[in-house]
Every structure is written in C-alpha cells, then in structure tokens.
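Each residue of the sequence shown is one higher than the last, beginning at 59 in the numbering used here.
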Amino acid sequence: MSAGQDPATGARDHLRHTVATLAYRARKAIEAKDASFAHFRIGESTRTPLAILSHMADLMEWALTQAQGVERWNDATPSDWDRERDRFFDGVAALDAYLASASPLGQPEGKIFQGAVADALTHVGQINLLRRLAGDPVRGENYNRADVRVGRVGREQSPPRREFE
59 MSAGQDPATG ARDHLRHTVA TLAYRARKAI EAKDASFAHF RIGESTRTPL
109 AILSHMADLM EWALTQAQGV ERWNDATPSD WDRERDRFFD GVAALDAYLA
159 SASPLGQPEG KIFQGAVADA LTHVGQINLL RRLAGDPVRG ENYNRADVRV
209 GRVGREQSPP RREFE
C-alpha cells in the first residue's frame with residue numbers, strides 16, 4: 059500500500075489481485091486436454107474433477123453474495139465440464155466487478171478471502187494433482203513472473219512467461 063492510501067482500498071485491491079491470481083491459476087488447471095478427465099476418480103470417496111470445478115463455481119457465487127451482504131450458499135449439481143468452467147469464470151468476473159465498484163462490502167475483505175477465495179485456490183491445487191495422476195500434468199511455472207493483472211479474470215489469460223521443463 060502506498061503512503062496516504064486508504065487501508066480499505068488497499069485491502070480491496072489486494073483481494074482483487076488475489077481473485078485475478080485465482081483466475082490465472084485456475085485457467086491453467088482446468089484446460090484439460092482429455093474430456094474424460096472430468097470424471098477421473100482416484101477412489102470411491104473422492105470428488106471427480108467435475109465435482110471440484112462445480113464446487114469452485116459455487117464458491118465464487120457464495121463470495122459474491124458475501125460481498126453484496128446477502129450471504130447464501132447454493133450447492134449446484136454439476137452439469138458438464140464446459141458449463142461448469144464457464145460458470146466458474148462468470149462467478150469470478152461477477153465477484154471482481156463487484157469488488158471494482160464503489161458498492162459497500164457486506165463482509166470484510168479478509169473474510170471473503172479466507173473462506174471462498176482461499177478454498178478455491180486449494181481446489182485448483184487438487185485439480186492439478188488429479189491431472190498429474192491422470193497422466194496430463196500441468197506444467198509448473200514461476201508464478202512470480204506470471205502476467206497476472208487485476209481485472210483480468212476470464213479464460214483469456216496471458217501465456218506463461220517461464221514454465222519449467
């Protein structure tokens with residue numbers, strides 16, 4: 059935060075940067091090459107990647123309702139990979155648009171982060187792990203060099219700047 063910056067604005071900007079980071083990392087994880095990956099299962103009691111992605115979309119919708127001050131949870135039934143991917147990115151975009159507005163927040167930025175946003179980041183990691191186990195690993199990269207930009211929260215992301223071999 060720069061000198062003289064309103065602490066509330068700084069926290070909101072930081073949350074927006076975190077949401078943009080989520081979008082960047084999620085795009086890389088959920089662009090699986092094999093359509094059967096959506097139903098990949100490593101055990102009887104584990105979620106499929108499709109169920110995880112649907113849950114991530116639910117989390118973004120929940121975060122938006124928290125930001126708006128009308129918190130509600132919707133546990134959607136997963137449809138198909140493309141629809142859930144679009145629902146996730148639509149939810150990220152709606153959350154970011156609300157955070158970019160001058161509208162008041164119904165919950166502090168830290169609460170929105172520690173719940174829905176942090177949980178979604180965890181699930182990106184789960185999808186990455188499942189991709190590796192399914193034989194389609196996501197290439198690691200130096201995320202510090204990634205071109206993550208506040209407001210860029212859709213499927214269209216910059217290409218990786220430095221992936222690992």
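For each residue, glycine too, the CB sits at the ideal point set by N, CA and C.
| Query | Result |
| --- | --- |
| Report the residue from R143, Q165 and I88 whose alpha carbon sits nearest the alpha carbon of Q126. | Q165 |
| Using beta carbons (cut-off 7 Å, strictly below), is Y82 in contact with chain C? | The structure shown contains no chain C; it holds only a single protein chain. |
| What's the C-alpha gap between R145 and A115? | 6 Å |
| Between which two residues does the alpha helix (DSSP H) harbouring N55 extend? | Residue 55 is absent from the model: the chain starts at 59 and stops at 223. |
| Grab me the residues of A81's own chain with a C-beta within less than 6 Å of its C-beta, minus the 5 sequence neighbours each way, in chain order. | V150 and V211 |
| Could you please give the first and the last residue of the uninterrupted alpha helix (DSSP H) stretch that includes N132? | Where N132 is concerned, there is no enclosing alpha helix (DSSP H), given that its DSSP letter is neither H nor E. |
| Taking the continuous alpha helix (DSSP H) assigned at Q165, which residues delimit it? | Here Q165 belongs to no alpha helix (DSSP H), and DSSP marks it neither H nor E. |
| Contact defined as beta carbons within less than 8 Å: I believe L73 pairs with F222. What is the distance between those atoms, to the nearest angstrom? | Not really, about 29 Å apart at Cβ, beyond 8 Å. |
| What does DSSP give as the partner residue(s) for E119 in the beta ladder? | Note: E119 sits in no beta bridge, so no partner. |
| Given a threshold of 16 other Cβ atoms within 10 Å of its Cβ, counted over all protein chains shown, does S52 qualify as buried or as exposed? | Nothing about residue 52 can be reported from this structure: the residues present for the chain run from 59 to 223 only. |
| Quick one: residues in its chain with C-beta nearer than 6 Å to the C-beta of M59, no 5 flanking neighbours on either side, listed in chain order? | Any answer about M59 is weak, because its pLDDT of 44 lies below 50 and its placement is not dependable; what the coordinates show is given next. Hits under 6 Å: G68. |
| Just the Cα atoms here: how many angstroms apart are L122 and Y156? | 7 Å |
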